[in-house]
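Data first, discussion second: the structure below is written as C-alpha cells.
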Amino acid sequence: MDTPEVGRRSVLEGAGVALAAGALGYVGFTTLGPAPGSDDGEQYSTGSDGEQDDDVDSRRLAAVDDIPDGGGLVLTEEKLVLTRDGDTVRCFSAVCTHQGCLVGGVRDGEIRCPCHGSAFDAATGAVVQGPATEPLEAEEIEVTNGEVVRA
Numbered sequence: 369m370d371t372p373e374v375g376r377r378s379v380l381e382g383a384g385v386a387l388a389a390g391a392l393g394y395v396g397f398t399t400l401g402p403a404p405g406s407d408d409g410e411q412y413s414t415g416s417d418g419e420q421d422d423d424v425d426s427r428r429l430a431a432v433d434d435i436p437d438g439g440g441l442v443l444t445e446e447k448l449v450l451t452r453d454g455d456t457v458r459c460f461s462a463v464c465t466h467q468g469c470l471v472g473g474v475r476d477g478e479i480r481c482p483c484h485g486s487a488f489d490a491a492t493g494a495v496v497q498g499p500a501t502e503p504l505e506a507e508e509i510e511v512t513n514g515e516v517v518r519a
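In the working numbering, the protein residues as written are 369 to 519.
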C-alpha cells in the first residue's frame with residue numbers, strides 16, 4: 369500500500385488551525401480561567417472587605433488575625449495585598465508591575481503573580497523573580513485594636 373503524500377498546503381493549513389486553536393484557548397483561559405489566588409494553600413488566601421458591618425470604618429481592610437502569620441491576604445476589590453510576619457503587617461499594591469495582573473497570594477515569604485511567574489519579597493515588595501523589574505508599591509496602613517486600616 370502506498371503512503372499518501374502530504375502537500376505543503378495541507379501542512380500550512382494544519383499549522384494555521386493549530387495556531388488559531390492555541391490562541392483561542394489562551395484567550396478563553398485568561399478570560400474565564402480560575403481567579404488569581406484560587407489555590408487553597410494554608411498561607412495562600414484571598415479575600416475582600418465586602419463582608420464589613422455597616423458600623424465598621426470604611427478605611428478597614430482586614431483583621432490582623434485574618435492574615436496568616438508568615439503569609440498574606442490579597443484584597444481583590446481594593447487591589448492590595450497584606451503580608452504578616454508576627455506582629456508586623458505590611459501593605460503593597462496587588463497589581464504586578466510586569467503586565468498589570470493581580471497577584472495570586474503570598475507563600476514562603478514571596479508575593480506571587482500567577483500570570484507570568486513574577487515574585488516579590490513579602491517584607492519589602494522588591495522583585496525576587498522576574499519577568500517583573502519594578503517592585504510592588506508600598507501602601508500606608510495602620511494597625512489599631514487588631515484591625516488593619518488605611519492610613
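Heads up, the beta-carbon is just placed ideally off N, CA and C, and yes, glycines get one too.
Keep in mind it's a predicted model, so treat the numbers as computed, not measured.
Does DSSP put residue i in a helix, a strand or coil?
| i | result |
| --- | --- |
| Glu-381 | helix |
| Val-474 | strand |
| Ala-391 | helix |
| Val-432 | helix |
| Ala-386 | helix |
| Cys-515 | It is Glu, not Cys, that sits at residue 515 in the sequence shown. In this structure, Glu-515 counts as strand in the three-state DSSP scheme. |
| Ala-494 | coil |
Report yes if the C-beta of residue i is less than 7 Å from at least one heavy atom of the ligand ATP; otherwise report no.
| i | result |
| --- | --- |
| Glu-505 | Although the ligand ATP was asked about, the structure shown includes no ligands whatsoever. |
Quick one: give me the first and last residue of the beta strand (DSSP E) that residue i is part of.
| i | result |
| --- | --- |
| Gly-468 | Premise fails: Gly-468 is in no beta strand (DSSP E) and is neither H nor E. |
| Leu-458 | Residue identity check: residue 458 is Arg in the sequence provided, not Leu. Taken as a continuous stretch (DSSP letters only), the beta strand (DSSP E) holding Arg-458 covers 456-461. |
| Ala-487 | 487-489 |
| Thr-512 | 509-512 |
With DSSP as the reference, please indicate the residues paired to residue i in a beta bridge.
| i | result |
| --- | --- |
| Val-374 | None, per the DSSP bridge assignment. |
| Arg-480 | Gly-473, Ala-487 |
| Ala-506 | Phe-460 |
What's the C-alpha gap between residue i and residue j?
| i | j | result |
| --- | --- | --- |
| Leu-441 | Val-457 | 11 Å |
| His-484 | Pro-436 | 25 Å |
| Ala-386 | Pro-372 | 22 Å |
| Gly-498 | Asp-370 | 52 Å |
| Ser-486 | Leu-470 | 11 Å |
| Arg-428 | Val-516 | 6 Å |
- [ ] Please confirm if the stretch 386-396 is in contact with the stretch 475-486, defined as three or more CB-CB distances below 8 Å between the two stretches.
- [x] no
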